[in-house]
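Residue numbering for the sequence shown follows our numbering, starting at 1170 and increasing by one per position.
Glycine included, every Cβ here is placed at the ideal spot set by N, Cα and C.
The structure appears right after this line, and notes come after that.
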Amino acid sequence: MVAKIIDGKKIAADLRHNIASEVARLGREHGVQPGLAVVLVGEDAASQVYVRNKGVATKEAGMVSFEYRLPETVTEAELLAQVTQLNEDPAVHGILVQFPVPGHISQQRVIEHIHPDKDVDGLHPINAGRLASGIPGLVPCTPMGSVILAKQSLGKLEGLHAVIIGRSNLVGKPVAQLLLNENATVTLAHSRTRNLPELCKTADIIIAAVGIPEMVKGDWVKQGAAVIDVGINRVDVPETGKTRLVGDVAFDDAKENAGYITPVPGGVGPMTIACLLRNTVFAACRQAGLPDPIL
Ligand code: NAD
């Protein structure tokens, strides 16, 4: 079997199109224009690209984009004061502080300072608790995007065995909670897990979120399984002297066994920004006392 490639770029573009329609409707019918504030500390080149891309996508969806750039030397107190101001600003429905922040600032304190209802990254412990309890909250974007891709490929996930590799707060744990809420049977594997290849061979869905290039080999994948590769790793290509992006899955071999597989790039990556915009629309609706849209 040769896998069907899951086109994350197209699925994300369709989601963004639906979000833009919903934003237009909110403006027309309720006079609400969702606003997303992104705070960047320092000059990290990759973070600057991410922040710029988020700003462009926000405006393309018809929402308001607020951008705050603070110097590398900003104190934690000053950053928290900026977050407080955004917590209190009614035009701002979602707040995202781009990570990593410089070492003298506690990432966890920043996360906990953002109002949970504006926490569009979904990392606040209140939102993690809501997700674990199966009640509405704001869900981390990459996990949400990964599960949307799995559902689009397989339909209902009920009763399927999902093996997630990686247990970070950012990806692995929220993916596990989302899949449990879809009634999948979930195995959450990590660096101390024994017999990972054998475990993966029993999976109907493999979600790889490790950060080790091409760690998941082709023969770990059961015939017909869905493989969602969250990893983004830059590796050297000695022949050309350049670098290229690869995932956590050995794509060329895995696609010979899988039923569905995401490429890197062009799989989970584009879903992350789309789900950030989706969270911002949910946050705006809830703050305006409106029901969640169907997105
Ligand atoms: P992390 O480093 O916080 O967590 C990695 C996890 O992998 C840990 O739980 C660890 O236990 C597990 N692990 C490490 N070595 C292992 C091994 N040998 N066997 C099994 N498990 C092992 O990373 P993260 O933030 O969760 O990100 C994971 C990957 O996803 C990275 O490549 C990152 O770049 C990527 N990522 C992509 C997006 C996106 O938008 N597509 C977003 C976030 C993260």
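Local Cβ density within 10 Å of residue i, reported as buried at 16 or more and exposed below that
i	result
alanine 1250	exposed
lysine 1223	buried
glutamate 1367	exposed
isoleucine 1274	buried
glutamate 1408	exposed
isoleucine 1175	buried
glutamate 1351	buried
alanine 1172	buried
aspartate 1276	According to the sequence displayed, residue 1276 carries glutamine and not aspartate. By the neighbour-count rule (16 or more Cβ atoms within 10 Å), glutamine 1276 is not buried but exposed.
serine 1315	buried
methionine 1440	buried
histidine 1282	buried
glutamine 1392	exposed
isoleucine 1463	exposed
proline 1203	buried
glutamate 1241	exposed
valine 1218	exposed
alanine 1353	buried
aspartate 1405	exposed
Collapsed DSSP secondary structure at residue i in the structure displayed
i	result
histidine 1199	helix
threonine 1356	strand
leucine 1336	The sequence shown places arginine at residue 1336, not leucine. Here arginine 1336 sits in coil by DSSP.
valine 1266	strand
serine 1234	strand
isoleucine 1280	helix
isoleucine 1317	helix
alanine 1331	strand
aspartate 1213	coil
leucine 1368	helix
aspartate 1286	helix
alanine 1172	coil
leucine 1274	In the sequence under discussion, the amino acid at residue 1274 is isoleucine, which differs from the leucine named in the question. Coil, per DSSP.
leucine 1347	helix
leucine 1255	helix
glycine 1298	helix
Closest residue to residue i among the options (Cα-Cα distance)
i	options	result
valine 1340	Thr1371, Gly1291 and Ala1372	Gly1291
lysine 1320	Ala1378, Val1192 and Ile1180	Ile1180
threonine 1371	Arg1197, Glu1383 and Thr1356	Thr1356
aspartate 1286	Ala1452, Pro1294, Ile1463 and Pro1462	Ala1452
asparagine 1448	Glu1245, Pro1240, Glu1281 and Pro1305	Pro1305
aspartate 1388	Gly1400, Asp1422, Ile1376 and Ala1377	Asp1422
lysine 1178	Pro1462, Gly1436 and Ala1358	Gly1436
aspartate 1213	Val1192, Leu1239 and Leu1329	Leu1239
valine 1261	Gly1410, Val1207 and Ile1376	Val1207
aspartate 1183	Leu1349, Asp1373, Ile1317 and Lys1424	Ile1317
valine 1210	Gln1267, Asn1402 and Asp1405	Gln1267
isoleucine 1164	Pro1432, Val1243 and Met1384	Outside the displayed range of the chain (1170 to 1464) lies residue 1164, so it cannot be described from this structure.
Chain D contact for residue i (CB, 8 Å cutoff)
i	result
glutamine 1254	As a matter of chain content, chain D is missing from the structure shown, which is built from one protein chain.
| Does the region 1181-1190 come close enough to the region 1219-1239 that 3 or more CB-CB pairs lie under 8 Å? | Contact holds: three or more Cβ-Cβ distances are below 8 Å.
| At which residue ranges does the region 1388-1460 contain complete alpha helix (DSSP H) runs of 4 or more residues, listed in the order of the chain? | DSSP runs (the alpha helix (DSSP H)) wholly in the region 1388-1460: 1420-1426 and 1437-1456.
| field | the region 1402-1420 contacting the region 1251-1262, beta-carbon criterion three pairs below 8 Å | value | no
| request: Spell out a yes or no on whether the region 1433-1445 and the region 1297-1312 are touching, meaning 3 or more CB-CB pairs, one atom from each, closer than 8 Å. | output: yes
| task | Report yes or no: do three or more beta-carbon pairs, one from the region 1392-1405 and one from the region 1427-1435, lie closer than 8 Å? | result | yes
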